[in-house]
Each structure stands twice: as C-alpha cells, then as structure tokens.
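This report concerns only the one structure given below.
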Amino acid sequence: MSILVTVMLALGLVFFAGAAVGILRFPDFYSRLHPAGKMDTLGSFLMLAALAVQELRHFDLDHVLVAVKIMLIVLFYFIASPTATHAIVDAGLRAGQSAWTKPRGGRS
Amino acid sequence: MDKVFLYAGLILCALMLISLYRGVFGPTVLDRLIGVNAIGSKTTVLLVLVGFLFHRVDMFVDIALAYALLNFVAVLAASRYFQKRGGLG
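This is the structure we're talking about:
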C-alpha cells in the first residue's frame, strides 16, 4: 500500500514538473494555458488520490470522512480549473491579444 | 512514510519557485495570472501534505478546501476585471 502511495506521489510530481516547465518555456500565454490547465489538474488528482489512499489505511468513520473530503477537493478542481482557464482565455481574446505564430525563416 | 511526504513537499516548493518566475516576470498581466493560478493549485496539495506531516489531516483538509475555493474566485475575479478594463500592460 505504501508503494502505491509513493508511486502516485512521484507521478503527480512528474506532472507538476511538466506543468512548471511548460509554463516557463512556451512562447505566448495561449499556449502557456495548455500545461497550466491540464497538467496541474492531473497532477493534483494523482497527489491528492495518493493522500486519500494513505488516509484510508485506518478504516473507520473519521478517516473515511477525511478521505471523502480530499476527493471532494479533486472534484472541485476538475470543475474549477477549466473554468478559470476559460476565463483567462476570454479576457485575452477580448483585450485583443494575438496568438503567437512562428516567425518566418528562423527559430524563436 | 513521513520522510516521503517531507521530500514531496520540498520538491513541490521548488516547483512553486519555478512557477513564480512567470508570476514575477510575465510580459502581460494574464501571464502573471497563469503563474499565480499554478502556484495556488500546488499550494492546495501542499496544505494536505503538511496536514499529514503534523498528523492533523482533519483540520488541514478544510483549510485546503477553503484555499482552493479562494484561489478559484480570485483568478476568476481578476480575469473579469482585466477583461472589463481592456488593455493589458
């Protein structure tokens, strides 16, 4: 059981690291929203599910209630993160930001 | 098992520092907003991890849920504000 928890924590950290590198490296903020919107959601799902499994090791009512609360945080993130991403894209579009295109003849 | 949680929290703090670069040096306001949103989602996980380290998960889960809610409302309100204001500096 503790091996499962460790592996899921490590996988969540890998996804969070990918999100951080993507936010740092992509050229404009429309493309930066792509790792920020998806990989953060999956990383927090994996890490919080690992912590819920760890909490379920003592199986009584209090610990099950705490594990359900942790999974409710995950459910909230699955609703909230696409909404926040959509709001940021909407603000950028209405402010007239143009999307990044590859400059002609040369890498950027 | 406590050591695993401690090291996971430390790596999470390092990743938050990487995301903070985009929050400080972002070219537009929306870039800063993306960085702050990423830091907030990592902070929610970090709060539950701290609860496991202190053996008070029942308290820290409520704090993490409130923080997730606050982070979502803050990002939504800031993006609506900059959408209404128009130009992004």
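Taken in sequence, the protein lines are chains Y and P.
Just so it is clear: in the first sequence, position 50 is 50 by my numbering, and no numbers are missing.
One gets my numbering by counting positions in the second sequence from 1 and adding 1000 to each.
For glycine and all other residues, C-beta sits at the position ideal for the given N, C-alpha and C.
Keep in mind the model is a prediction, meaning the values are calculated, not measured.
A distance below 8 Å separates the beta carbons of residue 1064 of chain P and residue 73 of chain Y. Note on geometry: alpha-carbon atoms of residue 1073 of chain P and residue 7 of chain Y lie some 32 Å from one another.
Distance between residue 1002 of chain P and residue 1052 of chain P, taken at the CA atoms: about 8 Å. Rounded to the nearest angstrom, the gap between the Cα atoms of residue 94 of chain Y and residue 30 of chain Y is 13 Å.
Taking a contact to require three or more Cβ pairs closer than 8 Å, the segment 1012-1024 of chain P and the segment 1053-1060 of chain P do not qualify as touching. Ranked by how close their Cα comes to the Cα of residue 1061 of chain P, the residues P:1071, P:1048, P:1070 have P:1048 in first place. Membership of residue 34 of chain Y in the alpha helix (DSSP H) is indicated by the continuous run 29-55. Collapsing the DSSP output to three states places residue 60 of chain Y in coil. Not flagged as an interface residue toward chain Y: residue 1066 of chain P, since no C-beta distance is shorter than 8 Å.
Residue 1007 of chain P counts as exposed, since fewer than 16 other beta carbons sit within 10 angstroms of its beta carbon. Check the Cα spacing between residue 1005 of chain P and each of Y:54, Y:71, Y:83: the tightest is with Y:54. In this structure, the straight-line span from the alpha carbon of residue 51 of chain Y to that of residue 67 of chain Y is close to 8 Å. With fewer than 16 neighbouring CB atoms inside 10 Å of its own CB, residue 25 of chain Y falls in the exposed class. Residue Y:4 holds the alpha-carbon nearest to the alpha-carbon of residue 49 of chain Y among Y:86, Y:103, Y:19, Y:4. Between the alpha carbons of residue 1030 of chain P and residue 82 of chain Y lies a distance of about 15 Å.
Listed along chain Y are 44, 73, each with a C-beta nearer than 7 Å to that of residue 1044 of chain P. If you ignore the 5 residues before and after residue 1022 of chain P, its C-beta comes within less than 8 Å of the C-beta of 1031, 1032, 1034, 1035, 1038, all in its own chain and listed in chain order. Taking a 10 Å sphere around the C-beta of residue 79 of chain Y, we find fewer than 16 other C-beta atoms and assign the residue as exposed.
Inclusion of residue 1041 of chain P and residue 87 of chain Y in the CB contact set at 8 Å is not warranted, their separation being larger than that value. Going by beta carbons, residue 1083 of chain P and residue 90 of chain Y fall inside the 8 Å limit.
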